[in-house]
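Q: Structure below; questions to follow.
Residue numbers (UniProt numbering): 1 to 241.
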């Protein structure tokens, strides 16, 4: 009977001590050590920056797809190449395939005006101009993708560093306590695990967005390359007449 009463006193004492700790997420962050808080702050900044790049890249890729669809409709709809070139040059806001068409057709017209130029030389210069425009457009569409990949790969490790540091401090604090209890070690471990959670929160959207954007850029790049070959054939047939 006495042993049961002692155990009841210990249990009620443990429950009372556990309830004295505020285990909300904000309390865990505010009570974490300075190193863990700095890790959380760094992860939060990385997450905010990655979301900024995610939204900006989503809008830019949607704009590039829309402009590409519009250009292909005009180009394959029987529009006169000179009129289309003048329209794009006058607009000055060409994107993707429009830039390739503008660069290739401008180089084609310039080389055709030069006396003594063979057709093969004209077409080689035209293809080089389009390839340079192609590379610039792909690089522009692929901008900041490396940042998303970096955030996705390093954020879990940064969070893990904060967790290891927090758990280490929690156990080091027990060395100054005569009798270690769950209520004494649980808050420190919980605070440390928040760093891993924030690291995953930063990494998962960045990885998903990177994979999605890489797929979209590859699809647009394939469309650009196909257009470059088809447009080169059209210009070669026109020059041979």
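All residues carry an ideal CB built from backbone N, CA and C; glycine is no exception.
Just so you know, these numbers come straight off a predicted model, no measurement behind them.
So, at 7 angstroms on beta carbons, what are the nonlocal neighbours of residue 203 in its own chain, with the 5 sequence-adjacent residues on each side left out?
A: So the qualifying residues of the chain are 151, 152, 155, 156.
Q: Count the other C-beta atoms from every protein chain shown that fall within 10 angstroms of the C-beta of residue 237, then say buried if there are 16 or more, exposed otherwise.
A: The residue in question, residue 237, is exposed, as its Cβ has fewer than 16 Cβ neighbours within 10 Å.
Q: Could you give the DSSP three-state label for residue 258: helix, strand or coil?
A: Nothing can be reported for residue 258: it is not among the residues displayed for the chain, which extend from 1 to 241.
Q: Can you tell which of 124, 102, 67, 97 has its C-alpha closest to the C-alpha of residue 224?
A: When only C-alpha atoms are compared, the closest one is 97.
Q: Have a look at 127, 196, 226 and flag the residue whose alpha-carbon is nearest the alpha-carbon of residue 42.
A: If we check each option's Cα against that of residue 42, 196 comes out closest.
Q: Taking all protein chains shown into account, do 16 or more other C-beta atoms lie within 10 angstroms of the C-beta of residue 11, making it buried, or fewer, making it exposed?
A: Residue confidence for residue 11 is low, a pLDDT of 47 falling below 50, so the modelled location carries little weight; the figure read from the coordinates is stated next. By the neighbour-count rule (16 or more Cβ atoms within 10 Å), residue 11 is not buried but exposed.
Q: Rounding to the nearest angstrom, what Cα-Cα distance links residue 201 and residue 109 in this structure?
A: One C-alpha to the other measures close to 53 angstroms.
Q: How is residue 95 classed by DSSP in three states: helix, strand or coil?
A: DSSP places residue 95 in coil when its eight states are reduced to three.
Q: Can you tell me the Cα-Cα spacing of residue 51 and residue 226, whole angstroms?
A: If you take the alpha carbons of residue 51 and residue 226, they lie about 32 angstroms apart.
Q: Return yes when the Cβ of residue 199 is within less than 9 angstroms of the Cβ of residue 159, no when it is not.
A: Contact: yes.
Q: Indicate the three-state DSSP secondary structure (helix, strand or coil) for residue 76 in the structure shown.
A: It is coil, neither helix nor strand.
Q: By DSSP, does residue 103 sit in helix, in strand, or in coil?
A: The answer is helix: DSSP assigns residue 103 an H, G or I state.
Q: Is it buried or exposed for residue 36, if we count other Cβ within 10 angstroms and need 16 for buried?
A: Buried, by the Cβ-count rule.
Q: Using a Cβ-Cβ distance under 9 angstroms, would residue 72 count as near chain E?
A: Included in the structure is just one protein chain, with no chain E present.
Q: Hey, out of 123, 120, 49, 81, whose CA is closest to residue 205's CA?
A: Minimum Cα distance to residue 205 is reached at 49.
Q: Under a Cβ-count criterion, where at least 16 other Cβ atoms within 10 Å of its own Cβ denotes burial, should residue 163 be classed as buried or exposed?
A: By the 10 Å Cβ count, residue 163 comes out buried.
Q: Between the C-alpha atoms of residue 212 and residue 33, what's the straight-line distance to the nearest angstrom?
A: Going from the Cα of residue 212 to the Cα of residue 33 covers about 37 angstroms.
Q: Cβ of residue 137 within 9 angstroms of Cβ of residue 99?
A: The answer is yes: Cβ separation under 9 angstroms.
Q: By the three-class DSSP mapping on this structure, what secondary structure does residue 216 have?
A: Residue state, collapsed to three classes: helix.
Q: Thinking C-alpha only, which one of 131, 82, 118 is nearest residue 232?
A: That would be 131, whose Cα lies nearest to the Cα of residue 232.
Q: Roughly how far, in whole angstroms, is the beta-carbon of residue 63 from the beta-carbon of residue 95, given that I think they are within contact range, below 8 angstroms?
A: Confirmed, Cβ separation roughly 7 angstroms.
Q: Quick check: what's the CA-CA separation for residue 121 versus residue 111?
A: So the two alpha carbons sit approximately 8 angstroms from each other.
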